[in-house]
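Visitor:
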Amino acid sequence: MTVKTELLGFEETLGEKVIKAGLCAGCGSCVLNCPFWVIGFRDGKPTLIDECPVCGVCAQVCPRYSFDVEAVEKFAFGRSRKADEEFGVVKRMVLARSKDPEVLEVCQDGGLVSSLLITAVEKGLVEGAVLSGVKEGVPCYPDMRVAYSKAEILACAGSRYTFSDRLVLGTGVAGAFWMARSSKYAFVGLPCQVQAVRLMQMLPNPPVNWSEAVRYVIGLFCTETFTYDGLRAYLASQGMELEDVRKMNIKAGKLVVEFGTGEVKELALEPLMEYRREGCEACWDFSAEFADISIGSLGLEGWNIALIRSERGEELFRAAVEAGMLETRPVEEEPNVLKVLRRLTRRKRRRAEARRS
Ligand SMILES: Cc1cc2nc3c(=O)[nH]c(=O)nc-3n(C[C@H](O)[C@H](O)[C@H](O)COP(=O)(O)OP(=O)(O)OC[C@H]3O[C@@H](n4cnc5c(N)ncnc54)[C@H](O)[C@@H]3O)c2cc1C
Ligand code: SF4
Ligand code: SF4
Ligand code: SF4
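Counting the sequence shown from 1 gives a position; our numbering is that position plus 146.
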């Protein structure tokens, strides 16, 4: 199954219908996949840096140009969602948290993401993982990382509410090693980045077999991300410096900021909306609906909810359980959690519909 091929150039497709329309998610998939290397990134947006030979590839890998939900689901899961599957194709849902104290020390919620990655690397299911980490010396500034060990995975743990525009570009590393020695990698990304990776995997005759190179696609739930400068400015307006922050969390309409000193402050989230990235407003995917396994917390303290969507997602989750990395509970023990998931899913769809209408 492949997405529709249109032989149109960059300006007619992405330039007009995505970037000028304010819909660009900034995922970088077009930049990575242009066979002629004529797309560059400027201020988080793709731009032509040389003449476009009109091959149509960039439009095929752009999640904001024409994203065929049914085709992507059939490709990733072997079937499209049923009418009652509001959160996309789901094999099963489960609550989980890490049993590893080193993971629990640094993770955002229950440490499920890091535990899956550590299992995948240590059990040899993948060679490494393409992740969003933090740029050295610039707190909270997102940067792409390729992690090959537990220490490198844990160095990326925690959530940054800023956007890694180099993350999808980082799958190029996985692609290069797949070509060199058939290596496999895991990928962790936000829903727009997961969509981009799926479209890459669906490309007809790509130079890299992306389905093999990116063996596991782990998606994070996401409502929005903010510009780095905006986040810094908002904290500064409250007398805070990003340099002093150990962890941030968004909970019940508040930005909860934890400092290195152990002090915790709650800020109103609303003023930060001024700095929400433009491309997030048209985004309808809350629960990373096209990942092998989608993970969030939905307000659970120290636990994650996992939506296992594919056979690969099941394989990875099972490996982590068998490795003794995870404690699990049935979702039914937290009846409120599905109500929250439904509310956030619907709210994001409504916001996107309003933006696109
Ligand atoms: C921008 C953002 C918004 C989110 N919004 C929600 C929400 O509304 N509701 C909800 O339930 N959950 C949300 N999440 C997911 C949640 O914050 C946790 O990431 C998730 O519960 C996994 O927790 P963990 O303890 O398993 O993660 P950890 O084991 O700590 O691992 C976290 C992983 O996230 C990756 N990561 C961190 N920041 C980014 C980023 N900016 N882009 C890509 N990858 C990143 C890291 O590389 C790491 O691998 C959001 C996450 C992010 C990054
Ligand atoms: S050469 Fe192809 S992929 Fe590159 S910008 Fe032009 S149409 Fe897009
Ligand atoms: S959404 Fe991604 S693929 Fe589409 S134009 Fe923006 S950066 Fe390129
Ligand atoms: S809301 Fe999240 S998934 Fe959607 S475009 Fe923004 S960062 Fe990407």
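Even for Gly, the Cβ is constructed at its ideal location relative to N, Cα and C.
Owing to the predicted nature of the structure, the values given are computational and were not obtained by experimental measurement.
Should F333 and V292 be called a contact, given that it needs their Cβ atoms to be closer than 8 Å?
Guide: Residue mapping note: residue 333 aligns to position 187 of the sequence shown, counting from 1. Residue mapping note: residue 292 aligns to position 146 of the sequence shown, counting from 1. Contact flag unset, no.
Visitor: DSSP state of P417, grouped into three classes?
Guide: For the purposes of this step, residue 417 is taken as the residue at position 271 of the sequence shown. The answer is helix: DSSP assigns P417 an H, G or I state.
Visitor: Can you tell me whether G279 is buried or exposed? The criterion is at least 16 other CB atoms within 10 Å of its CB, across all chains shown.
Guide: Here the question's residue 279 lines up with position 133 in the sequence shown. Classification for G279: buried.
Visitor: Can you tell me whether T193 is helix, strand or coil according to DSSP?
Guide: As a working mapping, residue 193 is identified with position 47 in the sequence shown. The answer is strand: DSSP assigns T193 an E or B state.
Visitor: Just reading off the beta strand (DSSP E) that G335 is part of, what are its end residues?
Guide: Start at 1 with the first residue of the sequence shown, and residue 335 comes out as number 189. 331 to 335 is the extent of the beta strand (DSSP E) around G335.
Visitor: Quick one: what's got a C-beta closer than 6 Å to V249's C-beta in the same chain, skipping five residues either side?
Guide: Taking the sequence shown and counting its residues from 1, one reaches residue 249 at position 103. For V249, where only same-chain residues beyond five positions count, the Cβ hits under 6 Å are G257, S260, S261.
Visitor: In three-state terms, what does DSSP make of T265?
Guide: Stepping through the sequence shown from its first residue, residue 265 is reached at position 119. Helix at T265.
Visitor: Can you tell me whether DSSP reads N355 as helix, strand or coil?
Guide: One-based indexing of the sequence shown puts residue 355 at position 209. Coil, per DSSP.
Visitor: Can you tell me whether F333 sits near ligand 1, meaning its C-beta is under 7 Å from at least one heavy atom of the ligand?
Guide: Reading the sequence shown from its first residue, position 187 is the one you call residue 333. No, the Cβ of F333 stays beyond 7 Å of every heavy atom of ligand 1.
Visitor: Which residue comes first and which comes last in the alpha helix (DSSP H) that contains L444?
Guide: The sequence position of residue 444 within the sequence shown is 298, counting from 1. Premise fails: L444 is in no alpha helix (DSSP H) and is neither H nor E.
Visitor: Taking 8 Å as the cut-off, does the stretch 218 to 234 touch the stretch 418 to 438 (at least 3 CB pairs, one atom from each stretch)?
Guide: Enough Cβ pairs lie closer than 8 Å, so yes.
Visitor: Expressed to the nearest angstrom, what Euclidean distance is found between the alpha-carbon atoms of V218 and R225?
Guide: On the sequence shown, position 72 is the one that residue 218 refers to. On the sequence shown, position 79 is the one that residue 225 refers to. Rounded to the nearest angstrom, the two C-alpha atoms are 9 Å apart.
Visitor: Of the residues G408, A171, C208, A500, which one's Cα is nearest the Cα of T371?
Guide: Here residue 371 refers to the residue found at position 225 when the sequence shown is read from its first residue. That would be A171, whose Cα lies nearest to the Cα of T371.
Visitor: Once you ignore the five residues that flank P199 on each side, which residues in its own chain have a CB closer than 7 Å to its CB?
Guide: Counting from 1 along the sequence shown, the entry for residue 199 is found at position 53. Within the same chain, P199 has close Cβ partners F182.
Visitor: Over what stretch of residues does the alpha helix (DSSP H) that includes Y539 continue unbroken?
Guide: Shown here, the chain extends from 147 to 503; a query on residue 539 therefore has no answer.
Visitor: Say yes only if the C-beta of C504 is nearer than 7 Å to one or more non-hydrogen atoms of ligand 2, and no if none qualify.
Guide: With the chain covering 147 to 503 only, the question about residue 504 has no answer from this structure.
Visitor: Could you give the C-beta distance for P285 and E389, rounded to a whole number, given that I count them as a contact under 8 Å?
Guide: On the sequence shown, residue 285 is found 139 positions in, with the first residue counted as 1. On the sequence shown, residue 389 is found 243 positions in, with the first residue counted as 1. About 5 Å separates the two Cβ atoms, so the contact holds.
Visitor: Checking the sheet assignment: what are the DSSP bridge partners for Y362?
Guide: Here the question's residue 362 lines up with position 216 in the sequence shown. In DSSP, Y362 forms a bridge with A332.
Visitor: Give a yes or no on whether the C-beta atoms belonging to L349 and V184 are separated by under 8 Å.
Guide: Counted from its first residue, the sequence shown places residue 349 at position 203. Counted from its first residue, the sequence shown places residue 184 at position 38. No, Cβ-Cβ distance for L349 and V184 is not below 8 Å.
Visitor: If I'm right that G445 touches A414 with Cβ under 8 Å, what's the distance once you round it to whole angstroms?
Guide: Reading the sequence shown from its first residue, position 299 is the one you call residue 445. Reading the sequence shown from its first residue, position 268 is the one you call residue 414. Actually they do not touch by this definition, with Cβ atoms about 18 Å apart.
Visitor: Hey, is I185 close to ligand 2, as in C-beta under 7 Å from one of its heavy atoms?
Guide: Indexing the sequence shown from 1 puts residue 185 at position 39. Within the cutoff, so yes.
Visitor: So is V410 buried or exposed if we call it buried at 16+ other beta carbons inside 10 Å?
Guide: Reading the sequence shown from its first residue, position 264 is the one you call residue 410. Exposed: under 16 other Cβ atoms inside 10 Å.
Visitor: Quick one: is the Cβ of E309 within less than 7 Å of any heavy atom of ligand 1?
Guide: By 1-based counting over the sequence shown, the position of residue 309 is 163. This sequence places Phe at residue 309; Glu is not what is there. The answer is yes for F309.
Visitor: Is G164 near ligand 3, with its Cβ less than 7 Å from a heavy atom?
Guide: Locating residue 164 in the sequence shown gives position 18, counting from the first residue. Going by the sequence as given, residue 164 is Val instead of Gly. Checking the Cβ of V164 against ligand 3 gives yes.
Visitor: Starting from I299, trace the alpha helix (DSSP H) in both directions and tell me its first and last residue.
Guide: Position 153 of the sequence shown, counting from 1, holds the residue named residue 299. 296 to 300 is the extent of the alpha helix (DSSP H) around I299.
Visitor: Would you please state the rounded distance, in angstroms, between the beta carbons of V343 and V319? I believe it to be under 8 Å.
Guide: As a position in the sequence shown, residue 343 is number 197, starting the count at 1. As a position in the sequence shown, residue 319 is number 173, starting the count at 1. No, V343 and V319 are not in contact; Cβ-Cβ is about 13 Å, not under 8 Å.
Visitor: When you measure from the CB of A303 to every non-hydrogen atom of ligand 1, does any distance come out below 7 Å?
Guide: Walking along the sequence shown from the start, residue 303 turns up at place 157. Result yes, Cβ under 7 Å from ligand 1.
Visitor: Using only the alpha-carbon positions, how far apart do V483 and P476 sit?
Guide: Looking up residue 483 in the sequence shown gives position 337. Looking up residue 476 in the sequence shown gives position 330. Whole-angstrom Cα-Cα distance: 11 Å.
Visitor: Run the proximity test for P209: is its beta-carbon closer than 7 Å to any non-hydrogen atom belonging to ligand 3?
Guide: Here the question's residue 209 lines up with position 63 in the sequence shown. Yes; taking the cut-off as 7 Å, the Cβ of P209 has a heavy atom of ligand 3 nearer than that.
Visitor: Cutting at 7 Å between CB atoms, please list the residues of its own chain near A466, excluding the five before and the five after it.
Guide: For this step, residue 466 is matched to residue 320 along the sequence shown. Cβ neighbours of A466 beyond the five flanking positions: S261, L262, T265, L472.
Visitor: Quick one: does the C-beta of R423 sit closer than 7 Å to a heavy atom of ligand 4?
Guide: For this step, residue 423 is matched to residue 277 along the sequence shown. Yes, the Cβ of R423 comes within 7 Å of a heavy atom of ligand 4.
Visitor: Looking at the structure shown, is V402 part of a helix, part of a strand, or coil, going by DSSP?
Guide: As a working note, residue 402 is residue 256 in the sequence shown. DSSP places V402 in strand when its eight states are reduced to three.
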